[in-house]
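Heads up: the structure comes next, in structure tokens.
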Amino acid sequence: MRAVFLNAVNELVATQVSRPRPEAGESLIRVLACGICGTDRHIYKGEYPSAKPVILGHEFGGLIEEVGAGSKFSVGQLVSVDPNIVCGKCDDCIAGRTAFCPDLTALGVNINGGLAEFVLTPDSQIYPVRTDLNPLHLAFIEPLACSIRGMDLAELKGGEKVAVLGGGVIGLLVVQLAKLAGASEIVLITRQKFRRDVALQIGATKVVDPISEKLADVVKNMDVTFECAGAIETFKDAQVITRRGGSVIVLGLTPADVELEIKPFSIVVNELRIQGSYLNPLTQARAAELVGSGDLKLDILISKVVDLSGVQTILDAPPAEGDIKYIVCP
């Protein structure tokens, strides 16, 4: 089978390897779609820890090609995959904090993932989806699961003023989730006009260009702000535009060595809650169901579909102006 290996930092190799065979408790999945996200770029550049060599790709799904002995799944089933494999027995797993499992192993990070024609997957990670689902939408289920986690932490009840910093896939999924949660105002803040236009089509009530407008003057007193850009500037902006007693939910991922100064006094006197949101603990099934429901607008987020030969070009450059989601179809 064909696969794309990360052999070292900034070194990708597309090559032929033997197709794996599933044992008991495993299934072989023919990959129909695998998304490329910011984490993949961080891994490629050495800014996020991973195994090497490893086949990248953690946002994927496809058809079950072969099953191991005693499997509850069937050949031909359309499925999504939760890439984060946990022990299920430690204190964190038992408490539902699976993202903190000390034995967490991730497909596409620590072991081979979805940038290949086939992926060997533990049955514990497989979630069937509707048979008539657009296969490209399989690439949205894992990032949606991460976004749902952020929404859970935000605890929206309906009627809140919500700001979203960053117009990438996570930001635009959060816009739609905030709309479904009944937010009264949804403000998307991003420099790219195309992404602002898309946001208005999928649920944002207002969009802001932080270059042409002074953000603190036009966005104020937000109940919840989602930081989805993974940048120092937006992390600081989030604290400025959130009301006293409000919440900042940090979904964006910076390089691992990034540091910044904070003002504890401001956090205390404003009773500002700054909450990180990591991975997708116990949200993959909900994400698969929501994608299958048709309640989200996903086609508008797809910018480019490539085969395995296009992965290198995508990872070598930041997203092009106006691009949102790249999907690889091996």
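Residue numbers (our numbering): 2 to 331. Idealized CB from N, CA, C, for every residue including glycine.
Asked: Contiguous alpha helix (DSSP H) assignments of at least 4 residues, all confined to the segment 252–286; Found: 265–270
Asked: Cα-Cα separation, D133 to G115; Found: 21 Å
Asked: Among T16, N8, A9, V10, the one whose alpha carbon lies nearest that of S310; Found: T16
Asked: Exposed unless 16 or more other CB atoms sit within 10 angstroms - verdict on E260; Found: exposed
Asked: Span of the beta strand (DSSP E), counted from its first residue to its last, around D224; Found: 223–228
Asked: Whole runs of the beta strand (DSSP E) within the segment 139–193, excluding any shorter than 3 residues; Found: 162–166, 186–190
Asked: K237, enclosing alpha helix (DSSP H) - first and last residue; Found: 233–242
Asked: CB of V209 within 7 Å of CB of I190, strictly; Found: yes
Asked: As assigned by DSSP and simplified to three states, the class of Q389; Found: Because the chain spans 2 through 331 in this model, residue 389 falls outside it and cannot be assessed.
Asked: Cβ pair A146, Q240 closer than 7 Å; Found: no
Asked: Start-end ranges of the beta strand (DSSP E) lying completely within the segment 20–101, minimum 3 residues; Found: 27–37, 60–68, 79–82
Asked: Contact check, E67 vs P21, beta carbons under 7 Å; Found: no
Asked: Chain-order list of residues whose beta-carbon lies under 6 Å from that of A217 (same chain, five-residue window excluded); Found: V241
Asked: Residue range of the alpha helix (DSSP H) that includes A205; Found: From DSSP, A205 is part of no alpha helix (DSSP H); its letter is neither H nor E.
Asked: The segment 65–79 / the segment 120–135 touching (three or more Cβ pairs under 8 Å); Found: yes
Asked: Bridge-paired residues (DSSP) for E12; Found: A9
Asked: Beta-bridge partners of T122, as assigned by DSSP; Found: S28
Asked: Local Cβ density within 10 Å of P54, reported as buried at 16 or more and exposed below that; Found: exposed
Asked: Three-pair Cβ contact test at 8 Å for the segment 156–174 versus the segment 223–243; Found: yes
Asked: Those residues which DSSP pairs with V306 across a bridge; Found: I328
Asked: For P129, three-class secondary structure by DSSP; Found: strand
Asked: Cβ shell of L29 (< 8 Å), same chain only, five flanking positions each side left out; Found: R20, P21, R22, P23, I65, E66, E67, V68, F119, V120, L121, T122
Asked: Rounded distance between the beta-carbons of C38 and V170, thought under 8 Å; Found: 7 Å
Asked: At least three beta-carbon pairs within less than 8 Å, the segment 311–323 to the segment 96–106; Found: no
Asked: Per-residue burial, G183 [other beta carbons within 10 Å of its own, 16 or more giving buried]; Found: exposed
Asked: Where I315 sits in the DSSP three-state scheme; Found: helix
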